[in-house]
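Contents: one structure, followed by commentary.
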Amino acid sequence: MAWVSTCGWWREVAREDGRWTIRKPKPMEADPTAVGEFLRTLMLAQVSRVVDETGSDLKAYGLETPSLTVALRLASGIQTVRVGDAGPLSATLYAKRDDSPKVLLTTLAGRDLLMKSIQEFRRKRVLPFDRLQVTRLKIAGPRETVVLYREGQGDKAVWKIMAPVETAADQPEVSSLLFALEDLKAQDFIDDPKEHAAKRAALGKPLAAITLHEGETDRTVSLFLDPRDNIAAYAENTAQEPLYQIARAAAKDLAKGLFDLRAKQLITAEPDQVKTLVIKTGGQEYTLSREGGAWIVDGDPNAKADAARINMFVTRVVRLQAEKIVTEKPTDLKRYGLATPAAELIAAGEQGKLLGRIAFGREEQGLTYALGSAMTGIFEVRPDILKEIPKKDDLLAGKGQPQK
């Protein structure tokens with residue numbers, strides 16, 4: 003247990019069942035990192051020298067009415083340390099233990115200790131949880147609700163979207179969301195229940211409500227943008243907890259939708275699964291076929307393409323991701339240049355099994371419209387891959403290079 007007094011204001015912090023709790027000025031959860039850093043600063047401080055053996059003039063060192071008093075309950079009993087004025091050098095403070103009359107010059111730094119407020123000791127994590135134990139995730143927004151389930155355990159665990167459609171999830175994106183939510187910290191608190199209720203009413207509908215299923219428990223945090231303050235946002239767990247003020251950018255980043263969380267590859271396949279790639283571009287159509295470690299053109303065993311170049315291109319094709327969604331239900335392909343695509347790639351696996359297809363339309367504002375068999379709708383992709391589509395005449399090993 004620790005008691006900390008700054009300028010007469012006492013705070014009591016206790017460790018119970020391995021967790022730090024603030025008891026005074028009012029009960030609240032403590033930030034274990036902040037408490038740990040405070041205690042480490044005290045424990046690591048050194049005595050530079052004894053400046054007064056008798057402690058006869060405590061006022062001269064700022065110790066008669068100390069700016070900081072710390073009382074620690076140790077196994078050996080309670081030990082109290084008073085911290086006074088700054089010493090003759092920077093990053094030094096005078097101090098005195100209650101069990102000794104000596105005035106000490108220490109390596110304690112004023113900024114490390116004297117600036118600590120109750121806000122710095124209290125828990126700032128908005129939603130404490132263990133992301134590795136989360137098995138379900140729901141993000142409810144104004145337009146859609148996305149539900150994800152985790153399948154498998156440990157390193158083999160994979161997230162899958164179950165609603166509003168069943169589809170593969172973007173694993174790094176889901177992991178990033180959980181990391182960000184775990185790390186979400188309050189910048190300020192509204193503790194008073196009446197102020198909490200009034201502010202909550204003024205915030206209106208949430209930007210998003212995120213529900214985690216951890217163990218046997220569901221926990222929800224709702225995110226709000228302050229309509230009257232362009233830089234403020236808030237998070238609420240329950241009406242009994244404080245209303246947390248958070249960074250507006252953090253709230254926006256956490257409010258993920260279906261497109262953000264779904265796998266964005268336009269073809270669902272791995273590079274080594276592709277045995278045949280049909281390329282249609284510039285009025286030409288030709289086929290690349292994998293024969294062992296080689297690639298041949300249009301089935302001619304004597305027309306071998308540059309294997310390294312084609313392997314790299316195939317990898318780019320199956321890894322190509324949508325950057326934006328244009329429409330989920332296209333009704334007019336012509337306006338996007340997709341009625342007669344500028345290029346088309348068709349990948350097949352063993353025994354000619356279709357793996358997927360990508361069609362590219364016209365370019366607009368640095369992105370190209372595209373259709374992919376793995377997702378329904380029209381998307382925008384980076385146009386770089388179109389420059390890498392090899393011309394048939396350049397496919398023989400050693401001829402031609404991708405355009406820059």
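Be aware that the sequence shown starts at 3, since it is given in our numbering, and climbs by one per residue. Yeah, the Cβ is synthetic: ideal placement off N, Cα and C, and Gly gets one too.
Between the alpha carbons of residue i and residue j, how many angstroms are there, rounded?
i       : j       : result
Gln-247 : Val-136 : 25 angstroms
Lys-98  : Asp-33  : 27 angstroms
Asp-308 : Leu-397 : 7 angstroms
Asp-19  : Ala-237 : 28 angstroms
Ala-62  : Ala-16  : 33 angstroms
Arg-133 : Lys-254 : 20 angstroms
Glu-216 : Ala-199 : 28 angstroms
Leu-340 : Leu-373 : 8 angstroms
Thr-378 : Ala-324 : 12 angstroms
Gly-417 : Tyr-96  : Within the shown structure, residues of the chain are numbered from 3 to 406, placing residue 417 beyond reach of any answer.
Ser-69  : Val-85  : 6 angstroms
Gly-295 : Leu-369 : 34 angstroms
Ser-78  : Lys-201 : 48 angstroms
Gly-64  : Asp-87  : 5 angstroms
Gln-405 : Ala-165 : With a pLDDT of 46 at Gln-405, under the threshold of 50, the predicted position of this residue should be treated as unreliable, though the coordinate-derived value follows. If you take the alpha carbons of Gln-405 and Ala-165, they lie about 41 angstroms apart.
Asn-239 : Ser-177 : 21 angstroms
Gln-403 : Phe-131 : Residue confidence for Gln-403 is low, a pLDDT of 49 falling below 50, so the modelled location carries little weight; the figure read from the coordinates is stated next. Distance between the alpha carbons of Gln-403 and Phe-131: 51 angstroms.
Val-383 : Gln-367 : 11 angstroms
Ile-298 : Phe-315 : 14 angstroms
Leu-41  : Thr-222 : 33 angstroms
Pro-303 : Leu-322 : 29 angstroms
Gly-273 : Gln-121 : Checking the displayed sequence, the identity of residue 273 turns out to be Pro instead of Gly. Taking the straight line from one Cα to the other gives about 53 angstroms.
Helix, strand or coil for residue i, going by three-state DSSP, please let me know.
i       : result
Thr-333 : coil
Lys-187 : strand
Asp-231 : coil
Lys-162 : strand
Gly-358 : strand
Arg-202 : helix
Val-176 : helix
Ala-252 : helix
Val-168 : It is worth fixing the name first, because residue 168 is Glu in this sequence and not Val. Looking at Glu-168 - three-state DSSP - the assignment turns out to be coil, as it is neither helix nor strand.
Ile-387 : helix
Glu-55  : coil
Leu-60  : helix
Ala-345 : strand
Leu-225 : strand
Gln-353 : helix
Ala-73  : strand
Asp-396 : helix
Ala-182 : helix
Glu-382 : strand
Leu-260 : helix
Glu-218 : coil
Glu-197 : helix
Gly-368 : coil
Ala-241 : coil
Leu-373 : strand
Gly-89  : coil
Thr-82  : strand
Thr-67  : coil
Assuming residue i and residue j are in contact, meaning their beta carbons sit under 8 angstroms apart, how far apart are those beta carbons, in whole angstroms?
i       : j       : result
Leu-290 : Thr-278 : 7 angstroms
Glu-31  : Arg-124 : 7 angstroms
Arg-250 : Ile-269 : At roughly 37 angstroms, the Cβ-Cβ gap does not stay under 8 angstroms, so Arg-250 and Ile-269 are not in contact.
Val-128 : Ala-188 : 6 angstroms
Glu-39  : Arg-25  : Actually they do not touch by this definition, with Cβ atoms about 20 angstroms apart.
Ala-142 : Arg-152 : Wrong, their Cβ atoms sit about 18 angstroms apart, outside the cutoff.
Thr-82  : Thr-71  : 7 angstroms
Ala-47  : Leu-110 : 5 angstroms
Arg-318 : Glu-365 : Their Cβ separation, rounded to whole angstroms, is 17 angstroms, which puts Arg-318 and Glu-365 out of contact at 8 angstroms.
Tyr-371 : Val-328 : 7 angstroms
Leu-186 : Ala-252 : 6 angstroms
Leu-150 : Ile-163 : 5 angstroms
Quick one: does residue i have its CB under 8 angstroms from some CB of chain D?
i      : result
Leu-60 : Of the protein chains in this structure there is only one, and it is not chain D.
Is any heavy atom of the ligand GDP found at a distance shorter than 7 angstroms from the C-beta of residue i?
i      : result
Leu-65 : What this structure holds is no ligand at all, so the ligand GDP is not there to describe.
For the segment 239 to 258 and the segment 205 to 214, state whether three or more C-beta atom pairs, one from each stretch, are separated by less than 8 angstroms.
Yes, the segment 239 to 258 is in contact with the segment 205 to 214.
With three or more C-beta pairs closer than 8 angstroms as the rule, is the segment 324 to 334 touching the segment 352 to 365?
no
Take every Cβ of the segment 261 to 276, pair it with every Cβ of the segment 168 to 176, and state whether three or more of those distances are shorter than 8 angstroms.
yes
Where in the segment 262 to 342 do unbroken runs of the beta strand (DSSP E), each at least 3 residues long, occur, reported from the N-terminal end onward?
Whole beta strand (DSSP E) segments, 3+ residues: 278 to 283, 286 to 293, 296 to 299, 302 to 307, 326 to 329.
Could you pull out every unbroken alpha helix (DSSP H) segment of at least 4 residues lying fully inside the segment 91 to 158, listed in chain order?
112 to 116, 120 to 123
Extract the residue ranges of the alpha helix (DSSP H) inside the segment 10 to 48, only unbroken runs of 4 or more that lie entirely within it.
34 to 46
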